Amino acid sequence: MNKNISRNSRLASPLLVCGLAMIAAPASAQMVLNGEVSVELAHNEDTSVNTKHIGGSFSGLIWNDFGLQLDISVGKHEQYTSTQPAATLHLYHAPSEALTWGLFLAAEDRRPGNSYFYGAELAWRSEGFGLDAFAAYRDDISAPTDGSRYGIEASYTPLDGNWTFLAGYAADDGAPLEQSYTYVGANYRLREGIALGLTAGQNDEGDTIASALVTFTFGEGSPLRARDTMELFPGARETPTPAVD
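In my numbering, the protein residues as written are 139 to 383.
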């Protein structure tokens with residue numbers, strides 16, 4: 139049974155309105171645009187499928203300690219599925235340099251299946267240690283199914299600031315989207331604003347996945363991590379996700 143199409147339009151409109159707000163912020167807010175752009179290549183050792191993922195995050199304070207972050211991305215599992223675009227809008231509060239918390243709305247075409255994600259998130263960084271965590275409700279478009287998505291990532295940057303070591307976990311619950319991914323990795327800063335990263339992990343089917351990425355950062359970077367499927371779950375699964383639409 140399909141859900142009302144007009145409902146989908148109403149739900150998508152906040153992404154457009156708030157995205158425009160980032161561009162048209164009042165001069166009094168003195169908004170400074172920060173963010174990052176990343177290009178990632180992943181390989182599933184068990185399926186031999188390669189994955190390409192390009193994403194960008196753009197953020198800035200719009201009023202006092204409140205800000206917006208817009209994530210846009212596209213990815214593809216080679217010879218597996220078509221391209222998967224996604225967009226996420228975060229409304230966040232940064233009461234201190236160490237703490238950021240917020241709410242986000244994501245719209246994603248994850249092929250198969252299209253979904254909205256409504257979530258809450260938290261990021262904390264202090265003295266080289268970092269923590270990023272989130273939980274979201276998943277609403278499948280044009281289908282009666284729903285579920286949840288959640289994850290956590292911990293990181294540590296030594297005093298020299300060139301290396302960052304990280305470990306994390308992400309999961310989707312609720313049929314037809316059931317998956318999880320556990321990983322470790324490291325990033326190395328080549329120079330100001332450019333870093334290379336490597337991660338390795340295993341999904342719930344036991345597949346080993348390795349990925350390499352290059353990240354270009356401008357300003358202070360993005361305070362919150364992107365929440366799209368290919369950001370959280372690199373590498374194609376051995377068992378394709380059933381369609382929901």
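Don't be surprised by glycine CBs; every beta carbon is placed ideally from N, CA and C.
Only a predicted model underlies this, so the values are computations on that prediction, with no experimental measurement involved.
*Give the C-beta separation of M368 and H228 to the nearest angstrom, bearing in mind that I take them to be a contact with Cβ-Cβ under 8 Å.*
Within the sequence shown, residue 368 is the residue found at index 230, counting from 1. Within the sequence shown, residue 228 is the residue found at index 90, counting from 1. Not really, about 18 Å apart at Cβ, beyond 8 Å.
*The alpha helix (DSSP H) spanning T367 covers which residue range?*
Counting from one through the sequence shown, the residue named residue 367 turns up at place 229. According to the DSSP assignment, T367 belongs to the alpha helix (DSSP H) that extends over T367 to L370.
*Can the beta-carbon of N252 be found less than 8 Å from the beta-carbon of I279?*
For the purposes of this step, residue 252 is identified with residue 114 of the sequence shown, where counting begins at 1. For the purposes of this step, residue 279 is identified with residue 141 of the sequence shown, where counting begins at 1. Contact: yes.
*Near V187, which residues of its chain fall below 8 Å by C-beta distance, leaving aside the five closest residues on each side in sequence?*
Stepping through the sequence shown from its first residue, residue 187 is reached at position 49. Around V187, the same chain offers H181, H215, E216, Q217, Y218, G373 and A374 as residues with beta carbons nearer than 8 Å, after the five sequence neighbours per side are excluded.
_For S253: DSSP bridge partner residues_ = Taking the sequence shown and counting its residues from 1, the one referred to as residue 253 is at position 115. Its beta-bridge partners are E246 and D278.
*Pick helix, strand or coil for A232, following the three-state DSSP scheme.*
The count along the sequence shown starts at 1 and reaches residue 232 at position 94. It is coil, neither helix nor strand.
*Tell me, please, whether the stretch 171–181 touches the stretch 338–345 by the rule of three or more beta-carbon pairs shorter than 8 Å.*
Per the Cβ contact rule, the stretch 171–181 is not in contact with the stretch 338–345 (fewer than 3 Cβ pairs under 8 Å).
_Tell me the DSSP secondary structure of D209 in three-state form._
Position 71 of the sequence shown, counted from the first residue, corresponds to residue 209. DSSP places D209 in strand when its eight states are reduced to three.
*Compute the Euclidean distance between the alpha carbons of G323 and S234, then round it to the nearest angstrom.*
Taking the first residue of the sequence shown as 1, we reach residue 323 at position 185. Taking the first residue of the sequence shown as 1, we reach residue 234 at position 96. Rounded to the nearest angstrom, the two C-alpha atoms are 27 Å apart.
*How is the beta strand (DSSP E) around N172 delimited, first residue to last?*
By one-based count along the sequence shown, residue 172 stands at place 34. That run of the beta strand (DSSP E) goes N172 to N182.
*Cα-Cα separation between E291 and A281, rounded to whole angstroms*: Counting from one through the sequence shown, the residue named residue 291 turns up at place 153. Counting from one through the sequence shown, the residue named residue 281 turns up at place 143. The C-alpha of E291 lies about 31 Å from the C-alpha of A281.
*What are the start and end residues of the beta strand (DSSP E) that includes A338?*
Here the question's residue 338 lines up with position 200 in the sequence shown. Residue range I332 to N341 is occupied by the beta strand (DSSP E) that includes A338.
*Give every residue of the same chain whose Cβ lies closer than 6 Å to the Cβ of S293, excluding the five residues on either side of it in the sequence, and list them in chain order.*
As a working note, residue 293 is residue 155 in the sequence shown. Excluding positions up to five away in sequence, the list reads G268, T302 and L304.
*State the CB to CB distance for the pair D203 and H231, rounded to an integer number of angstroms; the pair is presumed to be in contact (CB under 8 Å).*
By one-based count along the sequence shown, residue 203 stands at place 65. By one-based count along the sequence shown, residue 231 stands at place 93. Contact annotation, D203 with H231: C-beta distance approximately 6 Å; criterion of less than 8 Å satisfied.
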